[in-house]
Amino acid sequence: MIELFTLGGYGTVGRNMTLVKYKDEAVVLDIGLHLENLIRFSGENDDIRKTESPEELMKAGALPDLIRHKTLLDKVLAIIPSHAHLDHVGGVPYLYRFFRKAEIIGSPFTLAVLNELERGGRRKAASIQKIRLSVNGKHRVSRNIKVQFVSASHSVPDAVFVVVQTPDGNVVYANDFKIDFSPGLGSLPNLRKLSKFRKPKALVMDSLYAGKMGKTPSESVAKEMLSDVFLQVKNQKGAIFITTFSSHIARLKEIVEISRKCGRTPVFIGRSLFKYMTAAESIDLVDLSSKHRIVRFNDKIVSLLRKVEQNPEKYVVVCTGHQGEPNSVLSRIVYNRLYGFSSKDSVIFSSIVIPGEENIRNRERLELAIDKTRARVFRDIHVSGHASREDHRELLDTLLPEKVFPAHCELSSSKILKDFVEASYDSKVIIASEHERHAF
Ligand SMILES: [Zn+2]
Ligand SMILES: [Zn+2]
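The working numbering applies: residue 1 is where the sequence shown begins, and numbers increase by one.
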């Protein structure tokens, strides 16, 4: 009998955590932060603050609430973050001490980011072993549990589908993913390998956009959208400011390439950009920073912006703050007037607003403030990393799971997924809340 515990990220977007148990052995898939709750609590996104305790963050809903699961956590032999987004790996450094004997298994970029998150922090647990698996690698965790990675595509490098194999069948964890055969960077989704694990007992599936018909566009489409905006504004002789997800290394690579084509020098501002770019370079994924300037400290930001003001047509300023987070670099540049915007300048949001009242309010306020400076604003120059209906269908056709657990979404999306799946497949869809136990 396999037991699956929905510890976080069911019925809500964030703090992802699922525990799979067979007899007395268990593994944990993801330990993530709930970013919206984290921003509300600490005013900052995309970064780990060192001051809050795990208990405080649990109370704020920013981490999965593990207090009630202490005995269960003693059985955990491996923590397996599926990819490097903070809603999947960001909780790991906070919660080491809740596990007595777990090792960490991750793909190269995921572990490189985890190392960056730990750097300088007090939460590094030297005694915890880290096992680096390739995106199609496998590892035996214990007598009864094996783990197989299968490369997925998403908006961060080295994202994987995780197959947890037990003597009573498999659980496949597909959280997050989309099907993209032109991702720009990294491996293609390995559906052939995944098909070897057909008919798993359960599939935990990223269902954020279960209500979106069609297929999520490829990253190559985002590259064309970016090129189009750059071609439109490059002759304005103004500065180009662009903000995107710091972990989206493929997008950053595209921005560098397009900037160079337009004869401009990209400069990067922000601590989280520095962390993710350092992580990518530490595993030789890209070489972005050696030729370009990255600024992460406040005093350096002002002097860099003075240089940009003198020759705005020569630069592309890449910075954090695409959600309008109040303490982010872009918000500070705009609200504190660190740069004198004019009608020649452009601000590009290479992102979408992540659903949530707080995010929507923050972004509206920031866009309004930029608009008042008369600078041009380009928004939604972006494609999502999350699956839509036809991506879901591809995965379901490949796996034909017995049960599907919608994850990473609100109840309304779970219901749409249930209607679709149960009308088209023999699979049963289980709409779970957090802290439930399911046995099969
Ligand atoms: Zn996620
Ligand atoms: Zn993700």
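Don't be surprised by glycine CBs; every beta carbon is placed ideally from N, CA and C.
Burial state of residue i (16 or more Cβ within 10 Å)
i, result
"G263", "exposed"
"G214", "exposed"
"T398", "buried"
"E422", "exposed"
"V302", "exposed"
"G8", "buried"
"I269", "buried"
"R376", "buried"
"I255", "buried"
"K178", "buried"
"D287", "exposed"
"S195", "exposed"
"R119", "exposed"
"D46", "Residue placement at D46 cannot be trusted, given a pLDDT of 47 that sits under 50; the coordinates are not used to answer."
"R361", "exposed"
"K70", "exposed"
"E55", "exposed"
"G385", "buried"
"S82", "buried"
"D176", "buried"
"D299", "exposed"
"S328", "buried"
"N311", "exposed"
Beta-carbon proximity check, residue i vs residue j, cutoff 9 Å
i, j, result
"M225", "V404", "no"
"V353", "R365", "no"
"A239", "D74", "no"
"S207", "H392", "yes"
"Q129", "Q148", "no"
"V454", "V163", "The structure shown does not extend to residue 454, since the chain is modelled only from 1 through 440, so no value can be given for it."
"V76", "F99", "yes"
"D30", "I80", "yes"
"V150", "N190", "yes"
"A210", "R15", "no"
"I153", "F197", "The sequence given here places Ser at residue 153; Ile does not occur at that position. Their beta carbons are not under 9 Å apart, which means S153 does not touch F197 by this criterion."
"I242", "C319", "yes"
"S227", "I258", "yes"
"L95", "K21", "no"
"V27", "L19", "yes"
"A222", "I381", "yes"
"G340", "S331", "no"
"G91", "M17", "yes"
"S272", "S247", "yes"
CA-to-CA distance, residue j to residue i, given in whole angstroms
i, j, result
"V317", "Y335", "17 Å"
"L285", "G186", "8 Å"
"D168", "S107", "26 Å"
"A439", "P200", "14 Å"
"L57", "Q236", "46 Å"
"K138", "F161", "12 Å"
"R40", "E358", "8 Å"
"G61", "R260", "42 Å"
"G11", "P406", "8 Å"
"K253", "V13", "27 Å"
"L66", "T6", "11 Å"
"A84", "E219", "18 Å"
"K212", "P355", "14 Å"
"F378", "A279", "29 Å"
"Q323", "A174", "25 Å"
"K314", "N170", "54 Å"
"D426", "R132", "36 Å"
"K59", "S342", "44 Å"
"E116", "S424", "43 Å"
"S413", "R296", "38 Å"
"E436", "A202", "15 Å"
"S53", "K418", "37 Å"
"P183", "H408", "22 Å"
"S351", "R251", "10 Å"
"E309", "T373", "15 Å"
Cross-strand partners of residue i (DSSP beta bridge)
i, result
"M225", "The partner list for M225 (beta bridge, DSSP) is empty, contrary to what the question assumes."
"E3", "K21 and A439"
"M205", "A174 and P406"
"C319", "T243 and I269"
"I105", "I131"
"K428", "K403"
"A26", "K21 and V76"
"G8", "M17"
"G32", "BP columns for G32 are empty, so no partner."
"I348", "I242 and F378"
"K146", "R140 and Q165"
"V295", "I269"
Residue list, Cβ distance to ligand 2 heavy atoms smaller than 5 Å: H85 and D176
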